[in-house]
Structure formats: structure tokens, C-alpha cells
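Residue numbers (the working numbering), protein chains in the order written: chain A, 6 to 229; chain B, 232 to 492.
See structure below.
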């Protein structure tokens, strides 16, 4: 029953929310469609939070997606033991970046008085969720290797079975608890997507990469 | 703080996933790799009605401590070893778990209300003359350099073994001494069915071919041999490699953060 909740009910619930509420919000309330940058309030720690987090999580997410979309291509890349170690090392690096980043972001929000005052409870939930997600991911990377291989043969077929509306949980229900925790976290994040500042994830600011760095100019400047 | 409480709540719920196993759960985790209940033998005997055939205490001993029966030269045990070609391995089942398993098995005894149609299969698979496997090929299947023709994942995804040339997966047991535990016949039976949790679903429509099984057996035979046992497990660089790369990435971020002053 618990497996049914984890692998069928929560995922469908989350997908339904993401698919139906997101366009609704886009059409009716686009004004708060923002990441609510706090760079203006705290800058020094932000570098160590935002940058590792975003580079880590975007690439990791892309990796999950590529494995899902092209399992046989990934499979052939992983032929050969050097390839497995190399790919898994890169994945672990990205995971650690995301973990560090989210941890720094959480501590930063907590330690800066002005930031703490403007933070709503959703800010805390989101940060804790992504920290939790990065943590369970890194834990599996280290203690349940080689996830890149078994992901293709367990999680991917199960996700396909979800998408084809013929959910088959037999293949994932025997996996360890840490995997179930990671899956649950993922779908909770998806469920919160349309209601929170997570929506900024739907706009990849690709133009931003080629922009010159932003320069803040002050009329006078004290040593920080 | 409401958020934190919500999250703690979810964590609490899911921390209970592993506990509270029934006899059936344990059976399918630890026994179903080699035993079916009704429908014939796998690499171990069919357990339907086993509680009628054998003394309960004897069943408990073979579940929790099979080696003891061998040491005592128990006639039934000896007969089983002769018939199936290998001794049932010690699976580390506790007394408590054994009681639950026996309770579960009692449900399939002759007196139990449940009825399972039994299709009797010959105890022995009609075995063609055993193929001579190639250990190098077996190793390549193990690591994924060569792919199983039906598309099953390589063993290394979840298992490790000495002599594979790489640290293996940690999701499932180390298979270095599998040959010693199961013997050739047992190993063949296990590889033909792969009736283990997760594996039975992953390989459901991806059974290994006879040639592949022969190669795998040859590989396990070599890995379990004494010469290999002396070999130190090749120390892989994972996950240290990932941590090192991570430090490099943090260094790059540091340089980047100094770019604009």
C-alpha cells in the first residue's frame, strides 16, 4: 500500500498539479512568476550557494532526463568500466555541488537577519526539500552505486509505465528505502512547482549566459 | 516552522517502510530465489506442504543454520544435497524471521484451506550437455562491456565480485564466492531463473541465454578460485574521484567570484 502511494498516487497527483495548475497560474497570475532574488539583500554567501546549487542541479536533472529519454544510448556509453567510473564521478561532483549549494542557501537565509525576516514558510520548505533531495541523491551515489546503471533498468521502466497510464510498481518496490525517499521528494517538488517560486525553473535564462556580468555601481563604497 | 514539521512528518512515515515484514515478505526476499511454493523445483525444492513432510524444528534449523545439519550428517540434509547438487547456503535468517516464514509455509500445507494447483515438473531440468563457458566473456557480461543479448542490465549495476576489475555496485550482495556457495548446478539454476527481489522483475523478459549463463558460471568459477581470493580487491578511485572533482569545481567558483570586484 505504501509503495502504491509512493510510486503511483503521489506521482500522478504531482503530475496533475504541475500540468494543470501551471498554465492556469501562467495565464492568470504572472506577476509573481519569479525566483524572488535576494541578491540585493545578501551577496557574499550567495555566490557559494546559488552558483553550486544551480550548476549542480540543472546538469543532474538533465542527466536524469537524458537517461529517461535515451536509455539505450546511455547504456552504450556506460559500456566499459572506465566509462562507468568517469560518468559516476561527474554525477557525484554535480550532486555534491547541489548539496553544498542548497546547504549554504539554507544557512544563508537563516543567518542573515534581514533575509530571515522576509522569508515565508514556503521559502524554508523549498530549501529543506531541495537539500533533502540532494542529500538522498548523493547518499545513493556513494552507498548505492552504480545508480546510473540500475536507474536505467528500474526507475526508467517504471516512469514509462506511469506515462503510458499503466503503472507497474513491481520493478521499483523492492528497491531500498533511500530510493523511495528520493522519489517521494522529487514528486513533492513537482507538486509544489506551480504554487511556489519554483516556477522560475520553467524559464531557463539562456540569454543570461552570454550577457556581460552585472556591475553594481555605488556613488560611494565602503569596504565590505 | 510549519514546513519543517511537514517534512519531518513525511520522513517519519517513510522511515517505517522497511520494518514490519510478514512471513510472506521474508519468503520473497530471502527464499524465493531458489524455492517456489507449488509449481515445481527451482534450484531448491518446491516448498508446498513442506511443513507436512518435515519436522518443524528441522525446518527451523535448515533455515537459520543449515551448516549445523551438515556437520551432524543429517540424513535428510545429505539426501537433499545429493539431489540438488549443493547445500542450502546460510542466509542469515534470525529465529524470529524463521518462525514467520514457517507460519507462512504452514498456510500451504495439505490441511490448509488454500488450494494451489500443482503442475509437477521433473525435478531436474532436461539438461543439454553443459556448455563450456568462457570466463573472459563472463567477466565482460558482468561489467557490461558485453551486453546480455536480451537486454538485461550488467551484474555490476548492483553487485561486485573479485576479479571484475572494478568495484561493483553496492545495492546487492558481493558475488565473489557465489560459485563456492551454490556450485555449478545451483548457479545454473539461479542464473536461469534469477528469482530474487528486484531482479525477478528487472530480468522478467530478459532471460540470459544458455551461452551467457555458461560464460557467467565460468567467470564465477574463476573468481571463486583460490588464486583469485589472494588478489586484493582493486581499490577503485570512486567516490574519491567525485569529491576531488567537486573541490576543483568549488575552486573554479572561487576564481569566478573574484572576477568581478
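Note that beta-carbon positions come from the ideal geometry of N, C-alpha and C, so glycine has one too.
In this text the structure is predicted, and so the values were computed from the model without any measurement.
Proximal residues of chain A, C-beta to C-beta of residue i below 8 Å
i: residue 387 (chain B); result: 86, 89, 151, 154
i: residue 484 (chain B); result: 52, 53, 56, 57
Per-residue contacts from residue i into chain A (C-beta, under 7 Å)
i: residue 257 (chain B); result: Those within 7 Å of residue 257 (chain B) in chain A number zero; the least Cβ separation is about 13 Å.
i: residue 374 (chain B); result: 86
i: residue 477 (chain B); result: 98, 101, 102
i: residue 401 (chain B); result: 148, 149, 150
i: residue 396 (chain B); result: 86
i: residue 488 (chain B); result: 52
Proximity of residue i and residue j at Cβ, strictly below 7 Å
i: residue 231 (chain A); j: residue 113 (chain A); result: A question about residue 231 (chain A) goes unanswered here, because the residues of chain A that appear run from 6 up to 229.
i: residue 132 (chain A); j: residue 110 (chain A); result: yes
i: residue 332 (chain B); j: residue 379 (chain B); result: no
i: residue 192 (chain A); j: residue 15 (chain A); result: yes
i: residue 100 (chain A); j: residue 54 (chain A); result: no
i: residue 412 (chain B); j: residue 320 (chain B); result: yes
i: residue 22 (chain A); j: residue 199 (chain A); result: yes
i: residue 323 (chain B); j: residue 427 (chain B); result: no
i: residue 254 (chain B); j: residue 376 (chain B); result: no
i: residue 43 (chain A); j: residue 120 (chain A); result: yes
i: residue 395 (chain B); j: residue 374 (chain B); result: yes
i: residue 85 (chain A); j: residue 138 (chain A); result: no
i: residue 329 (chain B); j: residue 293 (chain B); result: no
Proximal residues of chain A, C-beta to C-beta of residue i below 9 Å
i: residue 480 (chain B); result: 57, 60, 61, 98, 99, 101, 102
Interface partners of residue i on chain B, CB under 8 Å
i: residue 27 (chain A); result: In chain order: nothing, as chain B lies at least about 21 Å away.
i: residue 158 (chain A); result: 383, 384, 388, 433
i: residue 83 (chain A); result: 375
Range of the contiguous alpha helix (DSSP H) that encloses residue i
i: residue 108 (chain A); result: 86-116
i: residue 419 (chain B); result: 409-424
i: residue 443 (chain B); result: 441-455
i: residue 79 (chain A); result: 76-82
i: residue 16 (chain A); result: 15-33
i: residue 158 (chain A); result: 152-158
i: residue 324 (chain B); result: Here residue 324 (chain B) belongs to no alpha helix (DSSP H), and DSSP marks it neither H nor E.
i: residue 139 (chain A); result: 126-148
i: residue 477 (chain B); result: 471-490
i: residue 274 (chain B); result: Neither: residue 274 (chain B) is in no alpha helix (DSSP H) and is coded neither H nor E.
i: residue 303 (chain B); result: No alpha helix (DSSP H) holds residue 303 (chain B); DSSP gives it neither H nor E.
i: residue 221 (chain A); result: No alpha helix (DSSP H) holds residue 221 (chain A); DSSP gives it neither H nor E.
i: residue 289 (chain B); result: 287-295
i: residue 366 (chain B); result: 366-374
i: residue 178 (chain A); result: 175-178
i: residue 430 (chain B); result: 430-433
i: residue 363 (chain B); result: Careful: residue 363 (chain B) lies outside any alpha helix (DSSP H) and carries neither H nor E.
i: residue 185 (chain A); result: 182-197
i: residue 281 (chain B); result: 281-284
i: residue 255 (chain B); result: 254-257
i: residue 214 (chain A); result: 211-215
Within chain B, the residues that residue i reaches when beta carbons sit closer than 9 Å
i: residue 176 (chain A); result: 429, 432, 433, 435
Neighbouring residues, chain B, relative to residue i (Cβ below 7 Å)
i: residue 94 (chain A); result: 469, 472, 473, 476
Exercise. If we count Cβ pairs, one from each stretch, closer than 8 Å, do we get three or more for the segment 135-148 of chain A versus the segment 116-125 of chain A?
Worked result: no
For this session: Return the residues of the segment 178-194 of chain A that lie within a Cβ-Cβ distance of less than 8 Å from chain B, sorted by chain order.
Result: 179, 180, 181, 182, 185, 186, 189, 193
Problem set entry | Positions along the segment 37-52 of chain A whose CB lies within less than 8 Å of some CB in chain B | 52
For this session: Please confirm if the segment 174-187 of chain A is in contact with the segment 10-21 of chain A, defined as three or more CB-CB distances below 8 Å between the two stretches.
Result: yes
For this session: Could you please tell me which residues of the segment 428-451 of chain B, in chain order, have their CB closer than 7 Å to any CB of chain A?
Result: 428, 429, 432, 433
For this session: Evaluate the contact criterion for the segment 369-384 of chain B versus the segment 438-458 of chain B: three or more CB pairs, one atom per stretch, below 8 Å.
Result: yes
For this session: Report yes or no: do the segment 276-284 of chain B and the segment 331-344 of chain B share at least 3 C-beta pairs separated by less than 8 Å?
Result: yes
Exercise. Would the segment 372-390 of chain B and the segment 145-164 of chain A be scored as touching if the rule is three or more Cβ pairs under 8 Å?
Worked result: yes
Exercise. Quick one: any contact between the segment 156-163 of chain A and the segment 414-422 of chain B, if contact means 3 or more CB pairs under 8 Å?
Worked result: no
Exercise. Is there contact between the segment 436-452 of chain B and the segment 54-72 of chain A, where contact requires at least three CB pairs shorter than 8 Å?
Worked result: no
Exercise. Taking any Cβ of chain A, which residues in the segment 319-336 of chain B have a Cβ under 9 Å from it, in chain order?
Worked result: none
Exercise. Closer than 8 Å, Cβ to any Cβ of chain A: which residues of the segment 304-318 of chain B, in chain order?
Worked result: none
Problem set entry | the segment 87-95 of chain A in contact with the segment 466-479 of chain B per 3-pair CB rule at 8 Å | yes
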